[in-house]
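Worksheet: one structure, shown below.
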Amino acid sequence: MGYSVIDYQIVQDHIAVVTLSRPESLNALNRQMFIELGLVFSEIERDNRIKAVILTGSGSKAFSAGADVSELQRLSAMEARNFALAAYRTQDQICSLPVPTIAALNGYALGGGCELAMCCDLRLASENARLGQPEINLGIIPGGGGTQRLARLVGVSRAKELIFTGKIIPARVAYEWGLVNRVVPLEELMETAIKLAGEIATKSRPVLALAKSAIDRGSDMDLTHALHYEIECFAGCFATEDHHEGIKAFLEKRVPRYTDR
Ligand SMILES: C=CC(=O)SCCNC(=O)CCNC(=O)[C@H](O)C(C)(C)COP(=O)(O)OP(=O)(O)OC[C@H]1O[C@@H](n2cnc3c(N)ncnc32)[C@H](O)[C@@H]1OP(=O)(O)O
Numbered sequence: 001m002g003y004s005v006i007d008y009q010i011v012q013d014h015i016a017v018v019t020l021s022r023p024e025s026l027n028a029l030n031r032q033m034f035i036e037l038g039l040v041f042s043e044i045e046r047d048n049r050i051k052a053v054i055l056t057g058s059g060s061k062a063f064s065a066g067a068d069v070s071e072l073q074r075l076s077a078m079e080a081r082n083f084a085l086a087a088y089r090t091q092d093q094i095c096s097l098p099v100p101t102i103a104a105l106n107g108y109a110l111g112g113g114c115e116l117a118m119c120c121d122l123r124l125a126s127e128n129a130r131l132g133q134p135e136i137n138l139g140i141i142p143g144g145g146g147t148q149r150l151a152r153l154v155g156v157s158r159a160k161e162l163i164f165t166g167k168i169i170p171a172r173v174a175y176e177w178g179l180v181n182r183v184v185p186l187e188e189l190m191e192t193a194i195k196l197a198g199e200i201a202t203k204s205r206p207v208l209a210l211a212k213s214a215i216d217r218g219s220d221m222d223l224t225h226a227l228h229y230e231i232e233c234f235a236g237c238f239a240t241e242d243h244h245e246g247i248k249a250f251l252e253k254r255v256p257r258y259t260d261r
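When we follow full-length UniProt numbering, the leftmost residue of the sequence shown carries the number 1, and every step to the right adds one.
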């Protein structure tokens, strides 16, 4: 399928790389970007070969500088609601993808860009990356999950500090706050992301999906329900062919050969 504001590639057979591609506006997220992200993530969901996804931005300056401000300028309250709903639907597709996702933050990840990064399971940042929710400076608040996902990742206090001030933090601070998993030099970012995705891709696809579901769905439940849900996911592993292979390979002191069934 042809895309105009994103690029899509499969590398090393199992790794999908989706690149936000509007470099002239620092990969600002417009309606077309959300439509194409929805389409590409549907394509990825249908492709059983894919075991990890990397989401990054084109150029060396930005992952994404957020929602396209020139589009926001024209919105009525009802249109703003529809814009946020469209973003929500695409983000929900990304969050519920049954394979791990990695955001490779190659520069600014602001506003909707930071929100999109927080929909991924893991975040790697280049040393020049800068993150924040500066919507307050435009007289608005985050509408793509920023008030919720940021608070869950860094705590309510730090989320309020970022959202109330619009302050932008460097990658190192984002790492200290737990907002990104790792910080690497820009020229090593994609290599690191592909290496991490490759490591994940050596595991069983259905078992990765169960692990992701146990963590994500469990984190929306109280502890007792979450622990029971974990038990169901754990039991689900025993319905896969791969768990037989994993245990057999360990006992035979060899590397497992998973078939993703
Ligand atoms: C509701 C949710 C949201 O996400 S609201 C948007 C939240 N994001 C922001 O408020 C960030 C806006 N951008 C900036 O503050 C700056 O661009 C910067 C700090 C990220 C980078 O500054 P710098 O001076 O290095 O670059 P420019 O400002 O000159 O940007 C280059 C070029 O990109 C256009 N652009 C940047 N961000 C956006 C955006 N969010 N939407 C639309 N366009 C954007 C900027 O206008 C420049 O275009 P040009 O035609 O060259 O003027």
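For every residue, glycine included, the Cβ atom is placed at its ideal position computed from N, Cα and C.
Counting along the chain, THR224 sits inside the alpha helix (DSSP H) bounded by residues 223-237. For LEU26, no pairing in a beta bridge is given by DSSP.
For ASP222, same chain residues with a beta-carbon under 8 Å away, outside a window of 5 residues either side, do not exist.
DSSP links GLY132 through a beta bridge to LEU110, ILE168. Separation of the CB atoms of LEU105 and VAL180 is rounded to 7 Å, and the pair is thereby assigned contact status at 8 Å. A direct Cα-to-Cα measurement between LEU162 and GLN133 gives close to 6 Å.
CYS114 places its beta carbon 8 Å or farther from that of GLY143. Under the 8 Å Cβ criterion, the segment 60-77 does not count as touching the segment 168-176, having fewer than three qualifying pairs. Rounded to whole angstroms, the separation of the alpha carbons of VAL207 and ALA117 is 24 Å. The shortest C-alpha to C-alpha distance from ASP220 to any of ARG152, ALA87, ASP47, ALA103 is the one to ARG152. Remark: C-beta atoms of GLN93 and PHE41 approach each other more closely than 8 Å.
Contact between GLY107 and GLY57 holds: CB atoms are separated by about 7 Å, below the 8 Å threshold.
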